[in-house]
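All residue numbers for the sequence shown refer to the numbering used here, where the first residue is 14 and numbers rise by one. Idealized CB from N, CA, C, for every residue including glycine. Take a look at the structure below.
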Amino acid sequence: MPHVLIVDDDPNTRDALAEIIGADGLTTATAGDLREARIQLVRQTPDVVFTDLKLPDGSGVDLFEDLDPRSGVEIIVITGHATVESAVSALKMGAADYLVKPVNLQRVKAILDRLPRPGDLKAQIGTLRGELRRMGRFGLMFGNSPAIQEVYDQIGRVAPTAASVLLVGESGTGKEVAAQTLHELSLRRKHAFLAVNCGAISPNLIESEMFGHERGSFTGADRQHKGYFERANGGTLFLDEITEMPAELQVKLLRVLETGCFMRVGTTKEIETDVRVIAATNRDPEEAVLEGKLRLDLYHRLNVFPISLPPLRDRGSDVGLLAQAFLDELNDRHGTKKHFPSAVREMMTSYPWPGNVRELKNYVQRAYIMASPGSDSTATVPLQISLSKPSTGTSVTIPFGTSLAEADRQLILATLGQCGGVKTRAAEILGISLKTLYNRLVEYGDDANKATSGEAGEASAAEGEAGTPGASL
Ligand SMILES: Nc1ncnc2c1ncn2[C@@H]1O[C@H](COP(=O)(O)OP(=O)(O)OP(=O)(O)O)[C@@H](O)[C@H]1O
Ligand SMILES: [Mg+2]
Numbered sequence: 014m015p016h017v018l019i020v021d022d023d024p025n026t027r028d029a030l031a032e033i034i035g036a037d038g039l040t041t042a043t044a045g046d047l048r049e050a051r052i053q054l055v056r057q058t059p060d061v062v063f064t065d066l067k068l069p070d071g072s073g074v075d076l077f078e079d080l081d082p083r084s085g086v087e088i089i090v091i092t093g094h095a096t097v098e099s100a101v102s103a104l105k106m107g108a109a110d111y112l113v114k115p116v117n118l119q120r121v122k123a124i125l126d127r128l129p130r131p132g133d134l135k136a137q138i139g140t141l142r143g144e145l146r147r148m149g150r151f152g153l154m155f156g157n158s159p160a161i162q163e164v165y166d167q168i169g170r171v172a173p174t175a176a177s178v179l180l181v182g183e184s185g186t187g188k189e190v191a192a193q194t195l196h197e198l199s200l201r202r203k204h205a206f207l208a209v210n211c212g213a214i215s216p217n218l219i220e221s222e223m224f225g226h227e228r229g230s231f232t233g234a235d236r237q238h239k240g241y242f243e244r245a246n247g248g249t250l251f252l253d254e255i256t257e258m259p260a261e262l263q264v265k266l267l268r269v270l271e272t273g274c275f276m277r278v279g280t281t282k283e284i285e286t287d288v289r290v291i292a293a294t295n296r297d298p299e300e301a302v303l304e305g306k307l308r309l310d311l312y313h314r315l316n317v318f319p320i321s322l323p324p325l326r327d328r329g330s331d332v333g334l335l336a337q338a339f340l341d342e343l344n345d346r347h348g349t350k351k352h353f354p355s356a357v358r359e360m361m362t363s364y365p366w367p368g369n370v371r372e373l374k375n376y377v378q379r380a381y382i383m384a385s386p387g388s389d390s391t392a393t394v395p396l397q398i399s400l401s402k403p404s405t406g407t408s409v410t411i412p413f414g415t416s417l418a419e420a421d422r423q424l425i426l427a428t429l430g431q432c433g434g435v436k437t438r439a440a441e442i443l444g445i446s447l448k449t450l451y452n453r454l455v456e457y458g459d460d461a462n463k464a465t466s467g468e469a470g471e472a473s474a475a476e477g478e479a480g481t482p483g484a485s486l
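And the structure:
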């Protein structure tokens with residue numbers, strides 16, 4: 014059945030339309046402003062949108078930008094007598110039709126009659142689109158398991174608000190894509206989304222990276238520098254690995270969150286900023302508080318809206334769905350039509366994916382690259398590789414005369430390679446903090462890229478924008 018979204022701040026018009034349309038057997042959703050409309054658009058792509066032009070938070074025309082032109086959604090603008098001209102300009106911008114208030118029942122019916130019903134070609138396309146929805150996609154995220162649907166629901170609720178969000182989940186569960194999706198669904202989406210990995214910036218530099226500095230404020234500060242809080246003004250700042258932020262800086266962060274003001278290093282002048290903070294950690298935040306890694310007051314401030322990303326092993330058939338989505342992307346990019354042989358499918362479903370979605374994505378890339386030339390199926394790359402521990406079967410040989418630093422380097426890179434590039438696991442096995450691991454990898458440069466192999470591309474895309482040291486990791 015076609016689905017209709019009605020956007021109007023006047024409850025009478027809204028209800029009247031919903032009644033007429035509902036009586037015609039169509040499903041409806043309503044919204045009182047642009048913010049609510051955007052949430053509804055994400056929940057279910059409508060076939061038709063009836064929107065008032067004048068809304069409390071903008072013009073109904075703004076919704077045109079939110080709709081994918083290829084999706085074939087029709088927009089009908091509603092307007093008062095005085096603004097027929099604006100309705101005409103809305104038509105020029107691509108609206109399918111317009112209604113003048115008070116809304117005429119016959120006109121609405123005529124518009125509805127034009128809509129495809131089950132049975133004709135357009136309806137089949139509509140059904141296909143519905144199928145895509147059921148296959149599961151929300152913003153930048155794929156998946157339709159009950160566990161991930163709950164996450165979608167929470168993101169949809171909190172996105173349009175100003176609340177800080179704390180994303181918690183194992184490494185590779187999608188905290189960063191969740192943060193980007195949150196940003197995309199908020200009114201800030203036209204401004205910057207900056208991602209900062211707090212564990213990857215050296216403790217000496219982190220304050221000036223966050224808040225900026227004035228020229229001459231410390232040795233080497235040869236010009237003024239704008240920090241993340243200044244550059245993300247109006248937008249969203251994603252603070253990844255928040256527990257790796259030094260305690261003194263956590264105090265300063267708390268102050269910005271409370272007052273909206275900060276000072277560049279080397280000045281006492283307050284600068285105002287309007288930044289929404291989304292923080293993330295792959296540790297249990299309460300444990301981090303007990304261990305003194307996360308200040309209790311900051312935790313309370315960030316934990317206004319906690320969202321927990323479930324590990325991939327708890328998402329059931331999402332494994333197959335995500336794997337297919339990643340393979341589709343590769344096929345699209347390279348103009349190929351490779352599919353997974355059934356052995357690979359089975360292997361993927363029974364594997365516990367300790368590195369979560371990142372490990373799965375890397376695996377699909379590997380299986381794609383290793384496929385025999387000209388073949389239509391991906392390679393059957395065994396999965397046990399990523400499961401094996403460094404102590405079983407493999408070893409690092411370090412001859413006498415090797416410096417301690419070099420031995421360290423070899424051990425760290427070999428462990429990381431054995432963990433399929435999953436840094437949290439490598440840090441755990443090595444018995445060092447993730448921060449130390451990141452700092453070492455920055456030192457190792459290119460060699461570290463090789464050890465982290467498949468994940469290099471995606472991480473650099475996110476961190477490169479933020480311009481952090483270690484952007485290539
Ligand atoms: N639901 C999803 N749909 C599509 N891609 C996803 C999804 N979840 C994660 N990914 C992809 O998996 C990779 C890892 O995700 P992401 O970087 O967001 O994880 P993370 O939780 O931030 O990991 P870490 O704790 O190691 O920083 C990325 O390439 C991301 O695009
Ligand atoms: Mg991350």
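Checklist line | Contact with chain D by Lys122, beta-carbon distance below 7 Å | finding: Considering every chain present, this structure includes no chain D. It has just one protein chain.
Next item on the list: Answer yes or no: the CB of Lys188 versus the heavy atoms of ligand 2, is any distance below 6 Å?
Entry: Position 175 of the sequence shown, counted from the start, is the residue given in the question as residue 188. Correct: Lys188 has its Cβ closer than 6 Å to ligand 2.
Notebook entry, point to check: Which residues share a DSSP beta bridge with Ile320?
Noted result: Counting from one through the sequence shown, the residue named residue 320 turns up at place 307. In DSSP, Ile320 forms a bridge with Leu180.
Notebook entry, point to check: Should Asp253 be listed as close to ligand 2, given that the test is whether its C-beta is under 6 Å from any heavy atom?
Noted result: As a first step, residue 253 must be located in the sequence shown, where it is residue number 240. Under cutoff, so the answer is yes.
Notebook entry, point to check: For Phe151, is the beta carbon positioned less than 6 Å from some heavy atom of ligand 1?
Noted result: Start at 1 with the first residue of the sequence shown, and residue 151 comes out as number 138. No, since every heavy atom of ligand 1 falls outside the 6 Å radius drawn around the Cβ of Phe151.
Notebook entry, point to check: What's the C-alpha gap between Glu468 and Ala427?
Noted result: Walking along the sequence shown from the start, residue 468 turns up at place 455. Walking along the sequence shown from the start, residue 427 turns up at place 414. Confidence in Glu468 is poor, its pLDDT being 43 and thus under 50, which makes the residue's placement too unreliable to answer from.
Check: Helix, strand or coil: how does DSSP classify Thr449 here?
Finding: Here residue 449 is taken as the residue at index 436 of the sequence shown, counted from 1. Collapsing the DSSP output to three states places Thr449 in a helix.
Checklist line | Contact between the stretch 170 to 184 and the stretch 204 to 218 (3+ Cβ pairs under 8 Å) | finding: No contact exists between the stretch 170 to 184 and the stretch 204 to 218.
Next item on the list: Classify Ala29 as helix, strand or coil using the three-state DSSP reduction.
Entry: Taking the first residue of the sequence shown as position 1, residue 29 is located at position 16. Correct three-state label for Ala29: helix.
Checklist line | Alpha carbon of Leu68 to alpha carbon of Tyr111, nearest angstrom | finding: Looking up residue 68 in the sequence shown gives position 55. Looking up residue 111 in the sequence shown gives position 98. In this structure, the CA atom of Leu68 is about 16 Å from the CA atom of Tyr111.
Next item on the list: Please confirm whether any heavy atom of ligand 1 lies closer than 6 Å to the CB of Asn295.
Entry: What you label residue 295 is simply residue 282 of the sequence shown in a count that begins at 1. The answer is yes for Asn295.
Check: Under the rule that 16 or more other beta-carbon atoms within 10 Å means buried, what is Leu417, buried or exposed?
Finding: Position 404 of the sequence shown, counted from the first residue, corresponds to residue 417. Burial call: exposed.
Check: For Leu198, which option in Tyr165, Gly229 and Ala213 has the closest C-alpha, if you only look at C-alpha atoms?
Finding: Looking up residue 198 in the sequence shown gives position 185. Considering only Tyr165, Gly229 and Ala213, the residue with the shortest C-alpha distance to Leu198 is Tyr165.
Check: So, helix, strand or coil for Glu227, using DSSP?
Finding: Position 214 of the sequence shown, counting from 1, holds the residue named residue 227. In this structure, Glu227 counts as coil in the three-state DSSP scheme.
Check: Would DSSP call Arg296 helix, strand or coil?
Finding: Here residue 296 refers to the residue found at position 283 when the sequence shown is read from its first residue. Secondary structure at Arg296: coil, using DSSP grouped into helix, strand and coil.
Check: Any idea what DSSP makes of Tyr111, helix, strand or coil?
Finding: Working through the sequence shown from its first residue, we reach residue 111 at position 98. The answer is strand: DSSP assigns Tyr111 an E or B state.
Checklist line | Same chain, Cβ closer than 7 Å to Arg202, neighbours up to 5 away in sequence not counted | finding: Counted from its first residue, the sequence shown places residue 202 at position 189. His196, listed in sequence order.
Note to self: Closest to Leu309 by C-alpha separation, out of Arg328, Gly329 and Ala260, would be which residue?
What the structure shows: Translated into positions along the sequence shown, residue 309 becomes position 296. Of the candidates Arg328, Gly329 and Ala260, the one whose C-alpha sits nearest the C-alpha of Leu309 is Ala260.
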